[in-house]
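Participant: Numbering (the numbering used here), first residue to last: 1 to 166. Built from N, CA and C at the ideal position, the CB exists for glycine as well. Quick one: the structure is below, questions incoming.
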């Protein structure tokens, strides 16, 4: 019984560590920050970031406003970029979701405010979840944000997965 108790405590400690926020990695020489770890990034995208690439082979969550970031975002195959703060990438020049990747908007509706200026999508997304997925969480100014996306470009056949008008 003592060994079993240690195993449970050890598993609980590992699970607790997984719940902590993930730190942004340093930018490379050209200012690109590449997220290679799944988890929640609970601070703003680092100052000086010129491009954000999500290659996490899982779900990377942006939960903080990053209004100082205005570069492009690229979501690679096998990765989901879950945006839980409407201002996490609202100033990004573009968001490109490559075949096999997913952009998942999951924040209170901003009403008639553009969040994604230039969204470019391809494919069916991670596990066929959609290259673009949108779920409104409670709160916000409207349940149907009529201006969520300014420009949507299909760079190949693409699937979206939405439960509310956008």
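Compare the C-beta of residue 90 with all C-beta atoms of chain B and state if any pair is closer than 9 angstroms.
Facilitator: Among the chains of the structure shown, chain B does not appear; only one protein chain is present.
Participant: Just grab the DSSP bridge partners of residue 123 for me.
Facilitator: Counting from 1 along the chain shown, the entry for residue 123 is found at position 123. According to DSSP, residue 123 bridges with 158.
Participant: Which class does residue 85 belong to by DSSP, given the choice of helix, strand or coil?
Facilitator: Here the question's residue 85 lines up with position 85 in the chain shown. The answer is coil: DSSP assigns residue 85 none of H, G, I, E or B.
Participant: At which residue ranges does the region 95-124 contain complete beta strand (DSSP E) runs of 3 or more residues, listed in the order of the chain?
Facilitator: The region 95-124 contains these whole beta strand (DSSP E) runs: 102-105 and 116-123.
Participant: Quick check on the burial criterion: 16 or more other C-beta atoms within 10 angstroms. Buried or exposed for residue 137?
Facilitator: Taking the chain shown and counting its residues from 1, the one referred to as residue 137 is at position 137. The residue is exposed, with fewer than 16 neighbouring Cβ atoms inside 10 Å.
Participant: Check residue 128 in the structure and name its three-state DSSP category.
Facilitator: Locating residue 128 in the chain shown gives position 128, where the first residue counts as 1. Helix.
Participant: So what's residue 39 in DSSP terms, helix, strand or just coil?
Facilitator: Counted from its first residue, the chain shown places residue 39 at position 39. Residue 39: strand per DSSP, three-state reduction.
Participant: Can the beta-carbon of residue 133 be found less than 9 angstroms from the beta-carbon of residue 161?
Facilitator: Translated into the one-based positions of the chain shown, residue 133 becomes position 133. Translated into the one-based positions of the chain shown, residue 161 becomes position 161. Contact: yes.
Participant: For residue 163, does the count of other Cβ atoms within 10 angstroms reach 16, so buried, or fall short, so exposed?
Facilitator: Here residue 163 corresponds to residue number 163 of the chain shown, with the count starting at 1. It is exposed - the Cβ of residue 163 has fewer than 16 other Cβ atoms within 10 Å.
Participant: Report all residues from its chain with a CB closer than 8 angstroms to the CB of residue 48; omit the five preceding and five following residues, and keep chain order.
Facilitator: The residue labelled residue 48 in the question sits at position 48 within the chain shown. So the qualifying residues of the chain are 27 and 31.
Participant: By DSSP, does residue 68 sit in helix, in strand, or in coil?
Facilitator: Numbered from 1 along the chain shown, position 68 holds the residue referred to as residue 68. Three-state DSSP puts residue 68 in coil, outside helix and strand.
Participant: Taking all protein chains shown into account, do 16 or more other C-beta atoms lie within 10 angstroms of the C-beta of residue 35, making it buried, or fewer, making it exposed?
Facilitator: Mapped onto the chain shown, residue 35 falls at position 35. It is buried - the Cβ of residue 35 has at least 16 other Cβ atoms within 10 Å.
Participant: Take the Cβ of residue 93 as the centre, count every other Cβ of all protein chains shown within 10 Å, and call the residue buried at 16 or more, exposed below.
Facilitator: Within the chain shown, the letter at position 93 stands for residue 93. So residue 93 counts as exposed.
Participant: For the region 147-155 and the region 102-116, state whether three or more C-beta atom pairs, one from each stretch, are separated by less than 8 angstroms.
Facilitator: Yes, since at least three Cβ pairs between the region 147-155 and the region 102-116 fall closer than 8 angstroms, the two stretches touch.
Participant: Can you tell me which of the three DSSP states residue 60 falls into?
Facilitator: Reading the chain shown from its first residue, position 60 is the one you call residue 60. Correct three-state label for residue 60: strand.
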